[in-house]
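Take a look at the structure below.
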């Protein structure tokens, strides 16, 4: 498939636009900081961009992003700094994160994404463990990612108003990388821990 390219006659206009953005970068970032005070930003997300050759536009925002394994390695330190800030905003004094992935454990490329996301959070200084909603996972299992990394996934449990792992690991922050397209599972409903993205942000 031939990828669209920016038509030459528009290149100069795009360069002019880029210069305007760069010249006003401080003002733009200040505007965003002010807006984030008024409206809580998503914990994370991905944006699909369409390139028609003469225009580019974001067309979709995903609150449960994949593809962390595709990030430029040079950006991982920045991603870890951003993750540290986002977790701190979600749960004061958080030292650990319970990551809840999708159920499709046979998709090794998705597992590579989970491995990369967990790595970003660990680089940010958090202990990270992975709790699965998959009813087929009844004990801790070690899975292999597309690149041969090993990933330990454990069954997610609940006692009264908190979710946890079998050994009692139960941090204040639960991070979903599961779009809840099958509905909000009962185990996550009305728990006392902070869950992000919020349950109502799922596909159901």
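Residue numbers (this note's numbering): 303 to 506.
Glycine included, C-beta positions come from ideal geometry on N, C-alpha and C.
Since the model is a prediction, treat every value here as computed from it, not as a measurement.
When 323, 467, 397, 499 are compared, the shortest CA-CA separation from residue 426 is found for 397.
Residue 480 is positioned such that its CB atom lies closer than 8 angstroms to that of residue 435. The Cβ atoms of residue 442 and residue 456 lie closer than 8 angstroms to each other. In the DSSP assignment, the residues bridged to residue 457 are 434. Fewer than three Cβ pairs drawn from the region 387 to 394 and the region 347 to 359 lie within less than 8 angstroms of each other, which leaves the two stretches out of contact. Secondary structure note for residue 400: its beta strand (DSSP E) is the uninterrupted segment 398 to 403.
When secondary structure is reduced to three states using DSSP, residue 390 falls in the helix class.
If you draw a 10 Å sphere on the C-beta of residue 414, you find 16 or more other C-beta atoms in it, and that means buried.
Beta-bridge partners of residue 476 (DSSP): 400, 497. Approximately 12 angstroms separates the beta-carbon atoms of residue 416 and residue 449; this is outside 8 angstroms, ruling out the contact. Between the alpha carbons of residue 474 and residue 308 lies a distance of about 47 angstroms. Excluding its 5 nearest sequence neighbours in each direction, residue 385 has C-beta neighbours in its own chain below 7 angstroms: 422, 423, 426, listed in chain order. By the C-beta density criterion, residue 470 is exposed, having fewer than 16 other C-beta atoms within 10 angstroms. For residue 465, the uninterrupted beta strand (DSSP E) segment begins and ends at 464 to 466.
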